[in-house]
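Residue 302 in our numbering is what sits at position 164 of the sequence shown, and the numbering runs on without skipping anything.
Written out below as structure tokens is the structure these notes cover.
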Amino acid sequence: MGNNTVFVYDAWSRVISIENSLGKTYKTYDENGNQLTETNALNETTSSVYNHLDQKVKSIDAAGRETIYEYDTLGRNIKTTNSDGSENSQVFNVLGQLESSTKNERTTYYEYDTLGRQSKVIDYLGRESVNSYDGENRLIETIDSNGDKTQYQYRGSRITAKIQRG
139 MGNNTVFVYD AWSRVISIEN SLGKTYKTYD ENGNQLTETN ALNETTSSVY NHLDQKVKSI
199 DAAGRETIYE YDTLGRNIKT TNSDGSENSQ VFNVLGQLES STKNERTTYY EYDTLGRQSK
259 VIDYLGRESV NSYDGENRLI ETIDSNGDKT QYQYRGSRIT AKIQRG
């Protein structure tokens with residue numbers, strides 16, 4: 139087979155097998171197009187379970203370990219419980235903007251200006267990164283948690299220069 143990779147598709151243009159020098163991988167789908175299983179060249183199968191809204195609610199790896207996904211009423215992933223019991227979660231504000239994300243019990247917070255642009259990120263140690271925008275809503279400066287600045291210059295909507303000062 140060499141360095142070639144061969145993809146085989148079903149009638150709905152979904153990849154059902156991939157073959158390369160490492161072997162062959164097979165995929166199956168439900169009637170809604172959600173990937174149900176993937177079996178690799180070692181005959182290890184991972185599978186996924188979906189709810190009535192076609193949202194993935196569970197992944198099961200080849201060893202039988204489960205990852206559980208939870209969603210809010212707007213379909214946003216708000217919590218993932220990993221197979222080791224650790225959790226990742228997201229909180230959204232009334233405008234649908236990410237307000238906080240927690241991974242391994244470490245929370246990052248996000249703030250927005252009155253125009254809805256992300257203006258600040260505060261990591262789990264309380265370190266802040268700040269974004270500034272021009273009158274055309276273009277990001278013109280980021281000051282990261284170390285105080286290092288990155289400035290952006292534009293011609294129209296294209297970035298013409300990125301200047302970093304550390």
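All C-beta atoms in this analysis are idealised placements derived from N, C-alpha and C, irrespective of residue type, glycine included.
With H, G and I counted as helix, E and B as strand and the rest as coil, what does DSSP make of residue i?
| i | result |
| --- | --- |
| Asn-226 | strand |
| Leu-277 | strand |
| Thr-143 | coil |
| Gln-235 | coil |
| Gln-291 | strand |
| Glu-266 | strand |
| Gly-213 | coil |
| Asn-158 | strand |
Looking only at its own chain, which residues have a Cβ that is under 7 angstroms from the Cβ of residue i, when we skip the five neighbours before and after it?
| i | result |
| --- | --- |
| Leu-160 | Ala-179 |
| Lys-300 | Thr-288, Tyr-290 |
With distances taken Cα to Cα, identify the nearest neighbour of residue i among the options.
| i | options | result |
| --- | --- | --- |
| Thr-184 | Thr-166, Ile-156, Gly-254 | Thr-166 |
| Glu-169 | Ile-260, Thr-298, Asp-210, Val-187 | Val-187 |
| Asn-284 | Leu-233, Thr-298, Val-229, Gly-264 | Gly-264 |
| Gly-202 | Thr-175, Asp-210, Tyr-250, Glu-249 | Thr-175 |
With a CB to CB cut of under 6 angstroms and the five nearest residues on each side skipped, what residues in its chain are close to residue i?
| i | result |
| --- | --- |
| Arg-152 | Tyr-167 |
| Thr-245 | Ser-238, Tyr-262 |
| Asp-282 | Ser-267 |
| Ser-197 | Ser-186, Thr-205 |
| Asp-199 | Thr-184 |
| Glu-182 | Ala-200 |
| Val-195 | Val-187, Asn-189, Tyr-207 |
| Val-146 | Ile-154, Ser-155 |
| Ile-260 | Tyr-247, Glu-266 |
| Gln-158 | Checking the displayed sequence, the identity of residue 158 turns out to be Asn instead of Gln. Once the five neighbours on either side are set aside, the close Cβ partners of Asn-158 are Thr-143. |
| Arg-303 | Lys-287 |
Measure how close the beta-carbons of residue i and residue j come, nearest whole angstrom, since I'm counting them as under 8 angstroms.
| i | j | result |
| --- | --- | --- |
| Glu-220 | Thr-205 | Reading off the sequence, residue 220 comes out as Asn, not Glu. Sure, about 5 angstroms apart at Cβ, within 8 angstroms. |
| Asp-272 | Ile-278 | 5 angstroms |
| Asn-275 | Arg-255 | 7 angstroms |
| Thr-218 | Tyr-209 | No, Thr-218 and Tyr-209 are not in contact; Cβ-Cβ is about 10 angstroms, not under 8 angstroms. |
Using 7 angstroms as the threshold, is the C-beta distance between residue i and residue j below it?
| i | j | result |
| --- | --- | --- |
| Thr-280 | Asn-269 | yes |
| Asp-192 | Asn-172 | yes |
| Ser-224 | Asn-242 | yes |
| Tyr-164 | Thr-177 | yes |
| Thr-298 | Gln-289 | no |
| Tyr-247 | Gln-235 | no |
If you drop the 5 nearest sequence neighbours on each side, which residues of the same chain put their C-beta closer than 8 angstroms to that of residue i?
| i | result |
| --- | --- |
| Gly-213 | Leu-191, Gln-193 |
| Leu-162 | Note that residue 162 corresponds to Lys in the displayed sequence, not to Leu. Ser-155, Ile-156, Ala-179. |
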